[in-house]
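K.L.:
Protein chains: 2
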Amino acid sequence: MPARTPLDANAILAATEEILRRHGPDKATVVDVARALGVSHAAVYKHFPSKQALREAVTRRWLDRNRDALAVIAADSAVPPVQRLRTWLHAVLAGKQAKIREDPELFAAYGILAAAHSSVATDHVADLLGQLTAIIADGAADGSLRTDDAEATARVVFNATAKFNHLAHAAEWQNPGIGAELDEVYSLLLEGLHAPTSP
Amino acid sequence: MPARTPLDANAILAATEEILRRHGPDKATVVDVARALGVSHAAVYKHFPSKQALREAVTRRWLDRNRDALAVIAADSAVPPVQRLRTWLHAVLAGKQAKIREDPELFAAYGILAAAHSSVATDHVADLLGQLTAIIADGAADGSLRTDDAEATARVVFNATAKFNHLAHAAEWQNPGIGAELDEVYSLLLEGLHAPTSP
DNA sequence: CAAGTTACAAGTTTTGACATCTGTTACCAA
DNA sequence: TTGGTAACAGATGTCAAAACTTGTAACTTG
Numbered sequence: 000m001p002a003r004t005p006l007d008a009n010a011i012l013a014a015t016e017e018i019l020r021r022h023g024p025d026k027a028t029v030v031d032v033a034r035a036l037g038v039s040h041a042a043v044y045k046h047f048p049s050k051q052a053l054r055e056a057v058t059r060r061w062l063d064r065n066r067d068a069l070a071v072i073a074a075d076s077a078v079p080p081v082q083r084l085r086t087w088l089h090a091v092l093a094g095k096q097a098k099i100r101e102d103p104e105l106f107a108a109y110g111i112l113a114a115a116h117s118s119v120a121t122d123h124v125a126d127l128l129g130q131l132t133a134i135i136a137d138g139a140a141d142g143s144l145r146t147d148d149a150e151a152t153a154r155v156v157f158n159a160t161a162k163f164n165h166l167a168h169a170a171e172w173q174n175p176g177i178g179a180e181l182d183e184v185y186s187l188l189l190e191g192l193h194a195p196t197s198p
Numbered sequence: 000m001p002a003r004t005p006l007d008a009n010a011i012l013a014a015t016e017e018i019l020r021r022h023g024p025d026k027a028t029v030v031d032v033a034r035a036l037g038v039s040h041a042a043v044y045k046h047f048p049s050k051q052a053l054r055e056a057v058t059r060r061w062l063d064r065n066r067d068a069l070a071v072i073a074a075d076s077a078v079p080p081v082q083r084l085r086t087w088l089h090a091v092l093a094g095k096q097a098k099i100r101e102d103p104e105l106f107a108a109y110g111i112l113a114a115a116h117s118s119v120a121t122d123h124v125a126d127l128l129g130q131l132t133a134i135i136a137d138g139a140a141d142g143s144l145r146t147d148d149a150e151a152t153a154r155v156v157f158n159a160t161a162k163f164n165h166l167a168h169a170a171e172w173q174n175p176g177i178g179a180e181l182d183e184v185y186s187l188l189l190e191g192l193h194a195p196t197s198p
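Protein chains in written order, with numbering that gives the first Met the number 0: chain A, 0 to 198; chain B, 0 to 198.
Below, the structure is given as structure tokens:
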């Protein structure tokens with residue numbers, strides 16, 4: 000009995016996301032996904048070589064949605080780079096906070112998947128670093144930011160704000176003061192600690 | 000049959016550490032600790048009110064050893080505050096890296112314990128922040144560091160170096176470039192990103 | 001009475017038989 | 001050939017019974 004509706008990769012990903020939301024990452028099975036789609040689980044294996052590949056694909060889709068939302072901020076040349084940097088750093092944090100609030104189960108699921116399949120996570124970090132590099136290069140171009148190497152500086156800024164962008168700190172993002180802490184780090188990064196040599 | 004050697008809290012803590020090293024945090028039982036000491040498990044309960052209290056005590060001892068080593072660096076007034084800050088930040092990282100290298104099992108065990116009994120962890124963070132505040136206050140006093148509020152600035156520096164001090168990032172500390180990354184963050188914190196207003 | 005013991009209730013973990021899941025293969029239909 | 005099925009072996013997960021762990025209490029000894 001062939002399928003009524005043609006099964007495509009996107010439908011599988013959407014169903015997987017729904018199963019993940021309902022069952023959590025540990026209890027979500029390929030059989031569950033297939034049942035939700037009204038097919039046998041072997042049909043899913045025609046589109047994805049393994050359960051791991053399916054999970055990676057679904058994680059990548061989720062991270063890419065986030066990346067695209069951030070890209071809009073990073074590329075908004077109407078906003079001065081210094082302010083855009085601040086907005087972008089806050090948006091990275093706020094986007095993840097929103098995911099936690101909206102759907103903690105799904106967020107936890109993605110957290111586990113992202114940690115397990117590291118190429119997905121490292122690719123995402125590379126995407127974000129690209130956006131950050133663009134903002135910093137814009138600042139260097141208009142003279143508002145000081146840097147020798149926008150890419151290297153982007154890495155440093157990303158490392159210095161790890162508490163506000165790395166999934167390992169998700170528990171601390173519930174704290175109401177977290178946004179203010181990010182602002183403080185942002186300010187110190189901009190201005191520096193060193194006393195002026197000629198006051 | 001009373002004990003030959005008098006059982007004291009310190010002996011229990013040392014035995015617990017050994018059991019933790021051998022069995023890991025999930026499988027280490029109070030009975031194991033008592034057996035290693037040649038007593039019944041009820042004897043251990045004469046010294047510690049609960050298993051949780053025993054675990055906290057052993058974790059606290061471990062963290063305090065670290066704290067004391069760092070305190071020597073933080074209080075070394077022979078070293079200029081700016082340099083002392085750099086040395087201290089590296090020492091926080093290096094101390095934990097050394098623990099991982101020496102005894103990964105025990106480190107993982109302590110990581111789990113510290114995460115579970117959060118008052119132990121928050122107390123330790125408060126200790127470290129106290130040391131960092133002292134360094135920054137010294138810098139403010141001799142004019143080498145710029146700050147309105149040494150305690151607030153210490154918090155910001157600690158947050159900005161979370162990748163190099165927070166246990167959640169332990170896996171990344173294996174990376175050989177991690178020390179260089181810390182140096183880059185340290186440099187950016189000192190100097191700032193902003194272009195000088197009057198060049 | 002200080003420092004330990006044995007004995008035990010309540011809760012938690014291990015065990016081992018059973019069920020489910022993953023991934024593959026051989027097959028079917030448009 | 002593309003898109004599906006059914007049946008299967010081996011790995012993994014589940015569940016109830018048995019074993020162990022925690023924490024307490026009543027007891028023993030110098």
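A virtual CB, placed ideally from N, CA and C, is assigned to each residue, including glycine.
Return the chain-ordered list of same chain residues with a C-beta closer than 6 Å to the C-beta of A:W61, the five sequence neighbours on each side being excluded.
P.N.:
Only residues of its own chain outside the window of five on either side were considered, and among them Y109 have a CB closer than 6 Å to the CB of A:W61, listed in chain order.
K.L.:
Run down chain A in chain order and give the residues with a C-beta less than 7 Å from the C-beta of B:N158.
P.N.:
Correct list: K162, E180, V184.
K.L.:
Considering only C-alpha positions, which residue in the set B:E190, B:S186, B:H193 is nearest to B:L88?
P.N.:
When each option's Cα is compared against that of B:L88, the closest is B:S186.
K.L.:
With a threshold of 16 other CB atoms inside 10 Å of the CB of B:P80, please say whether the residue is buried or exposed.
P.N.:
Buried, because 16 or more other Cβ atoms sit within 10 Å of the Cβ of B:P80.
K.L.:
What are the start and end residues of the alpha helix (DSSP H) that includes B:R154?
P.N.:
Judged by DSSP secondary structure, B:R154 falls within the alpha helix (DSSP H) whose first and last residues are 149-159.
K.L.:
For A:I135 and A:L144, which I take to be in contact (beta-carbon distance under 8 Å), what is that distance rounded to the nearest angstrom?
P.N.:
6 Å
K.L.:
State the Cα-Cα distance for the pair B:V184 and A:R34, rounded to the nearest angstrom.
P.N.:
Approximately 50 Å between the Cα atoms of the pair.
K.L.:
What residue range does the alpha helix (DSSP H) around B:P175 cover?
P.N.:
Unbroken run through B:P175: none, as it is neither H nor E.
K.L.:
Considering only C-alpha positions, which residue in the set B:E55, B:K50, B:A93 is nearest to B:D68?
P.N.:
Checking the displayed sequence, the identity of residue 68 of chain B turns out to be Ala instead of Asp. Cα-wise, what sits closest to B:A68 is B:A93.
K.L.:
Would you say A:V124 faces chain B, with C-beta separation under 8 Å as the test?
P.N.:
no
K.L.:
Is there contact between the region 114-123 of chain A and the region 147-164 of chain B, where contact requires at least three CB pairs shorter than 8 Å?
P.N.:
no
K.L.:
Short of 7 Å in beta carbon distance, which residues of its chain neighbour B:A14, apart from the five on each side in sequence? Order them along the chain.
P.N.:
V32, A35, L36
K.L.:
Give me, in chain order, the residues of the same chain whose beta-carbon lies closer than 8 Å to that of B:M0; leave out the 5 immediate sequence neighbours on both sides.
P.N.:
With a pLDDT of 40 at B:M0, under the threshold of 50, the predicted position of this residue should be treated as unreliable, though the coordinate-derived value follows. The beta carbon of B:M0 sits closer than 8 Å to none of the beta carbons in its chain outside the five residues before and after it.
K.L.:
Give a yes or no on whether the minimum CB-CB distance between B:A93 and chain A is below 8 Å.
P.N.:
no
K.L.:
According to a CB-to-CB cut-off of less than 7 Å, which residues of the region 59-86 of chain A neighbour chain B?
P.N.:
The region 59-86 of chain A vs chain B, Cβ under 7 Å: nothing.
K.L.:
Could you please tell me which residues of the region 26-41 of chain A, in chain order, have their CB closer than 7 Å to any CB of chain B?
P.N.:
Answer set for the region 26-41 of chain A: empty.
K.L.:
Would a check of beta-carbon distances place A:L187 closer than 8 Å to chain B?
P.N.:
Chain B contact via Cβ: present.
K.L.:
Relative to the C-alpha of B:D58, which candidate in B:H40, B:T160, B:Y44, B:L112 has its C-alpha closest?
P.N.:
Before going further, note that residue 58 of chain B is Thr rather than Asp in the sequence given. Among B:H40, B:T160, B:Y44, B:L112, the Cα nearest to that of B:T58 belongs to B:L112.
K.L.:
In this structure, what does DSSP give as the bridge partners for A:H193?
P.N.:
B:L144
K.L.:
First and last residue of the alpha helix (DSSP H) that includes A:A200?
P.N.:
The displayed coordinates of chain A run from 0 to 198. Any statement about residue 200 of chain A would go beyond what the structure contains.
K.L.:
Using a Cβ-Cβ cutoff of less than 7 Å, which residues in the same chain neighbour B:E104 once the five nearest sequence positions on both sides are dropped?
P.N.:
R20, G23
K.L.:
If you measure from the beta carbon of B:H22 to each beta carbon in chain A, is any gap under 8 Å?
P.N.:
no
K.L.:
Do we get a CB-CB distance below 8 Å when we pair B:H168 with the residues of chain A?
P.N.:
Interface residue, yes.
K.L.:
Helix, strand or coil for B:A74, going by three-state DSSP, please let me know.
P.N.:
The answer is coil: DSSP assigns B:A74 none of H, G, I, E or B.
K.L.:
Quick one: which chain A residues come within Cβ less than 7 Å of B:V155?
P.N.:
E183, V184, L187
K.L.:
If you run the structure through DSSP and keep just helix, strand and coil, what is B:F47?
P.N.:
coil
K.L.:
Give me, in chain order, the residues of the same chain whose beta-carbon lies closer than 7 Å to that of B:L188; leave out the 5 immediate sequence neighbours on both sides.
P.N.:
V156, A159
K.L.:
Is DSSP giving A:T58 helix, strand or coil here?
P.N.:
helix
K.L.:
Assign A:R54 to one of two classes, buried (16 or more other C-beta atoms within 10 Å of its C-beta) or exposed (fewer than that).
P.N.:
A:R54 should be labelled buried.
K.L.:
To the nearest angstrom, how far is it from the Cα of A:D63 to the Cα of A:H123?
P.N.:
8 Å
K.L.:
Give the C-beta separation of B:R83 and B:D126 to the nearest angstrom, bearing in mind that I take them to be a contact with Cβ-Cβ under 8 Å.
P.N.:
The pair is not a contact, with the Cβ atoms about 17 Å apart (cut-off 8 Å).
K.L.:
Assuming A:G110 is part of the alpha helix (DSSP H), what are its boundary residues?
P.N.:
That run of the alpha helix (DSSP H) goes 103-115.
K.L.:
Shortest alpha-carbon distance to B:K162 belongs to which of B:T152, B:L181, B:P175, B:H40?
P.N.:
Selection B:T152, B:L181, B:P175, B:H40 evaluated against B:K162 yields B:L181 as nearest (Cα-Cα).
K.L.:
For B:L6 versus B:V38, is the C-beta distance shorter than 8 Å?
P.N.:
yes
K.L.:
If you follow the alpha helix (DSSP H) that A:A35 is part of, which residue opens it and which one closes it?
P.N.:
29-36
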